[in-house]
Each structure stands twice: as structure tokens, then as C-alpha cells.
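Numbering-wise, the UniProt record's numbering puts 147 at position 147 of the sequence shown, and it's gapless, one number per residue.
All C-beta atoms, glycine included, are put in the ideal place defined by N, C-alpha and C.
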Amino acid sequence: MDGNALRELRRSFGLTQAEVARAAGIHQPDLSNIERGRELRPRMLDAIRDAMYSLVPPSVVLDRHREELRRVLTSMGVKNPRTFGSVLHGTDRPGSDIDILAELPTGAGLLELAEITDAAHDVMRVPVDILPDDPRNQHALASARSEAVPL
Numbered sequence: 001m002d003g004n005a006l007r008e009l010r011r012s013f014g015l016t017q018a019e020v021a022r023a024a025g026i027h028q029p030d031l032s033n034i035e036r037g038r039e040l041r042p043r044m045l046d047a048i049r050d051a052m053y054s055l056v057p058p059s060v061v062l063d064r065h066r067e068e069l070r071r072v073l074t075s076m077g078v079k080n081p082r083t084f085g086s087v088l089h090g091t092d093r094p095g096s097d098i099d100i101l102a103e104l105p106t107g108a109g110l111l112e113l114a115e116i117t118d119a120a121h122d123v124m125r126v127p128v129d130i131l132p133d134d135p136r137n138q139h140a141l142a143s144a145r146s147e148a149v150p151l
């Protein structure tokens, strides 16, 4: 990602330079210089991008990256990913997470769940909580299953 892509992302989210600079902990004139092409380390560009994502509701991010998320989850053996909770109901706010109910690969344990969750976060850049659709989770699943819709 370069400064131009950063500017386009900021604009697509309807954010001002002042909002993003404040969230990233930098001065607005510095962000302006970055957007105009000042060279930065990729890590700093990633930090600014992540600050931007922290300012928008996760539902907006999901709309933007839905297909990519679906591809990543499928490549990891996840089946039938569905969203539920605040993103589904339109009550999510910046800082909310994306709740996903999904069937994990056979034999997947906590380590695999963590890897899948990390991969989903890498795509979404916002918190993601994956609830395995597994008979052992009956209590937690009752509410999620009643409202979950496909990604």
C-alpha cells in the first residue's frame, strides 16, 4: 500500500485526514505528506491503514472484503461461514467485532481456530470472533444459529 492507495481508502470510508491522523497518533500535515507520496516504511502505512479501519463499523469492512474473506476461509477448510450479532443487526460500531459462525475442518482444535481467526483478521483488519458450529457448543450456538446468515 502506498500513500495514494491510503488516500483512496480514507476517502472511500468518508474519513477526513484529521480523523485518521488523530486515530493514528500523527499530525494531519504529516498524513497529507504521506498521501502525496512521502516514503514510509510499510509498517507505518499499515498502522495508518489499521487506524482507519478502527474508525468505521465492521459491517462496512465486511461489505468491502466479503469475497476475500470467504476465499480465505474456504482455503483453510472452513465451511458454511455465516455472520450474526451486531454486524447482522446493523448495530455495530467502530471497535465492534465481526461474529462468524462456521463449520471448522474435521479435527480442528484451538490452534487451528486461532490460525483461522488470525487469517480472517488479516483480511478484515478489524476484530473477528469465529464460533465453531459444533455440537459441543450447543448453548452458545442456539442464539447464533437462530439469526446467522451466509457471508
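Item, Value
"How many whole angstroms separate the CB atoms of D129 and D92, which I take to be in contact at a CB cut-off of 8 Å?", "About 12 Å; that fails the 8 Å criterion."
"Which residues bound the beta strand (DSSP E) around D133?", "Where D133 is concerned, there is no enclosing beta strand (DSSP E), given that its DSSP letter is neither H nor E."
"Can you give me the Cβ contacts of E103 inside the same chain, cut-off strictly under 6 Å, excluding the 5 residues immediately before and after it?", "K79, N80 and D133"
"Can you give the Cα-Cα distance for P135 and G109, rounded to whole angstroms?", "14 Å"
"Thinking C-beta only, is E8 closer than 8 Å to L55?", "no"
"For E39, is the beta carbon positioned less than 7 Å from some heavy atom of the ligand PLP?", "The ligand PLP is not among the ligands present in this structure, which contains no ligands whatsoever."
"Below 8 Å on the Cβ atoms is my guess for P105 versus E115; work out the distance and round it to an integer in Å.", "Actually they do not touch by this definition, with Cβ atoms about 11 Å apart."
"Could you please give the first and the last residue of the uninterrupted alpha helix (DSSP H) stretch that includes T117?", "L110 to M124"
"Can a CB atom of chain B be found closer than 8 Å to the CB of E67?", "In the structure shown, chain B does not exist; there is a single protein chain."
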